[in-house]
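Just so we're aligned, residue 13 is where the sequence shown starts under my numbering, counting upward by one. The beta carbon of each residue, even a glycine, is placed where N, CA and C say it ideally should be.
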Amino acid sequence: ADGVIKALEGLTFDGPKGSYTVRAEDHVLLQAMTLVKLKNTDDADFNFFELVTKFTPEETAPPCAVPAELNRCTK
């Protein structure tokens, strides 16, 4: 398990919404988020949503919540 943990900590990879990063300090997956507004529910082309805004991973990242005695949160 330790080898898997070490391999994943800080890993960045591309996915459907862009770049994803496993934050090394607490293993939270950081990713871009979108805010959308429902336009309709019966569009034949499945065009149901209107994009309101996009958020970067940095804007949506929760604070590191690892217990202080583990001394892992760097920010």
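Between which two residues does the beta strand (DSSP E) holding residue i run?
i	result
Thr65	61-67
Leu47	45-50
Phe25	24-27
Thr33	30-34
Would you report the Cα separation of residue i and residue j, rounded to the nearest angstrom?
i	j	result
Asp26	Tyr32	6 Å
Asp57	Leu50	14 Å
Gly15	Glu62	43 Å
Going by DSSP, what residue range makes up the alpha helix (DSSP H) through residue i?
i	result
Gly15	14-20
Query - At least three beta-carbon pairs within less than 8 Å, the region 34-49 to the region 71-81 - result: At 8 Å Cβ cutoff, the stretches touch.
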